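**Student:** For reference, the structure I am asking about is given below.
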């Protein structure tokens, strides 16, 4: 007797512009005292800047004040040693714009027990239909939901022993039999790849394995599970491809 074979069960920019201010005074209207005019006028016409490394102050007309920028303004052409502002996103060393990455789509379907070995396929057995595929693995190996869905049955189910039935919508259901432990309850929403129980040998079983079935429309209405899973991107090797 081979390990893991299934006995036939019965179905159940802020920016502002500011103007510059020019200060002026009215020209002297009175004639300066005699003896002072020429000397004074000559001295006033050519003032020299006191010490420092800057350029001499430009001469200005007698009786007027030089143009002085208001406090806070910069004189024309002066930057006070500050370099001009550069936009943050300019220049060859600018950081590249980040691309928005699209989230990966969720897994739609997966192998219910990837480490298992097929020990029996879908087809007639002892005069009755073996309605699924048997997947043998060490006792207690985690079993996961083959696809997202809602648990519609969980508990003892005759020859299937401890079993779980999941409705995936669109008229498809998956059935898991012979579990040693059940981790979900009826009404629970599960994702593809989420653990739902442990592999075992409850019910009519000759050794630890998962009996996995796919049903169309309602239960029971089984279809060959390995071909159906292959059509949904999941390969369960070990069974012949059914003829179309």
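Residue numbers (mature numbering (1 follows the signal peptide of the UniProt record, and there is no 0)): -45 to -1, 1 to 199. Note that the Cβ used here is the ideal one computed from N, Cα and C, for glycine as well. These numbers come from a predicted model, not from an experiment.
Let me know if residue 58 comes out buried or exposed under the rule of 16 or more other beta-carbons within 10 Å of its beta-carbon.
**Tutor:** That one is exposed.
**Student:** If I'm right that residue 108 touches residue 145 with Cβ under 8 angstroms, what's the distance once you round it to whole angstroms?
**Tutor:** Not confirmed; about 13 angstroms, so no contact.
**Student:** Can you look up residue 127 in the DSSP assignment and give me helix, strand or coil?
**Tutor:** Strand, per DSSP.
**Student:** Only counting the same chain, and skipping five residues up and downstream in sequence, which positions put a Cβ closer than 7 angstroms to that of residue 65?
**Tutor:** 99, 101, 147, 148, 189.
**Student:** Which complete beta strand (DSSP E) runs does the stretch 112 to 180 hold, if anything under 3 residues is left out?
**Tutor:** As far as the stretch 112 to 180 is concerned, its whole beta strand (DSSP E) runs of at least 3 residues are 117 to 124, 127 to 134, 150 to 153, 165 to 171.
**Student:** Taking Cβ to Cβ, would you say residue 162 is nearer than 8 angstroms to residue 92?
**Tutor:** The answer is no: Cβ separation not under 8 angstroms.
**Student:** Tell me whether the beta-carbon of residue 165 lies closer than 8 angstroms to the beta-carbon of residue 69.
**Tutor:** Against a cut-off of 8 angstroms, the Cβ pair of residue 69 and residue 165 comes out as no contact.
**Student:** To the nearest angstrom, report how far apart residue 176 and residue 170 are at their CA atoms.
**Tutor:** Between residue 176 and residue 170, the C-alpha separation is close to 5 angstroms.
**Student:** By the DSSP assignment, the beta strand (DSSP E) with residue 80 in it spans what residues?
**Tutor:** Run containing residue 80: 78 to 80, per the beta strand (DSSP E) assignment.
**Student:** Just list the residues that DSSP pairs residue 87 with in beta bridges.
**Tutor:** None; residue 87 has no bridge partner.
**Student:** So who's on the other strand from residue 102, going by DSSP bridges?
**Tutor:** Bridge partners of residue 102: 64.
**Student:** Run through the DSSP bridge pairs and tell me what residue 70 is partnered with.
**Tutor:** DSSP lists no partner for residue 70.
**Student:** Tell me residue 182's beta-bridge partners as DSSP assigns them.
**Tutor:** Residue 182 pairs with nothing; no bridge assigned.
**Student:** Kindly give me the distance between the Cβ atoms of residue 186 and residue 73, rounded to whole angstroms, as I take these residues to be in contact under 8 angstroms.
**Tutor:** Between residue 73 and residue 186 the Cβ distance is about 18 angstroms, and since that is not below 8 angstroms, they are no contact.
**Student:** Taking the alpha carbon of residue 114 as the reference point, which residue from 183, 174, 158, 152 has its own alpha carbon closest?
**Tutor:** Nearest option by C-alpha distance: 158.
**Student:** With distances taken between CB atoms, is the gap from residue 135 to residue 95 smaller than 8 angstroms?
**Tutor:** Closer than 8 angstroms, so yes.
**Student:** Would residue 117 and residue 142 qualify as a contact pair, given that the criterion is a beta-carbon distance under 8 angstroms?
**Tutor:** Going by C-beta atoms, residue 117 is not nearer than 8 angstroms to residue 142.
**Student:** When the Cα of residue 139 is compared with those of 191, 172, 150, which residue comes out closest?
**Tutor:** Checked all of 191, 172, 150; the closest Cα to residue 139 is 150.
**Student:** Go ahead and pull the three-state DSSP assignment for residue 193.
**Tutor:** Residue 193: coil per DSSP, three-state reduction.
**Student:** Just the C-alpha distance for residue 137 and residue 196, rounded to the nearest angstrom, thanks.
**Tutor:** In a straight line, the C-alpha of residue 137 is about 31 angstroms away from that of residue 196.
**Student:** Rank 112, 87, 97, 153 by C-alpha distance to the C-alpha of residue 184 and give the top, closest one.
**Tutor:** Comparing Cα-Cα distances from residue 184 to each of 112, 87, 97, 153, the minimum goes to 87.
**Student:** Give a single yes or no on whether residue 187 has its beta carbon closer than 7 angstroms to a heavy atom of the ligand COA.
**Tutor:** This structure simply doesn't include the ligand COA, nor any ligand for that matter.
**Student:** What does the Cβ neighbour count give for residue 106, buried or exposed, with the cut at 16 atoms within 10 Å?
**Tutor:** That one is buried.
**Student:** Beta-carbon separation of residue 121 and residue 152 under 8 angstroms?
**Tutor:** Going by C-beta atoms, residue 121 is not nearer than 8 angstroms to residue 152.
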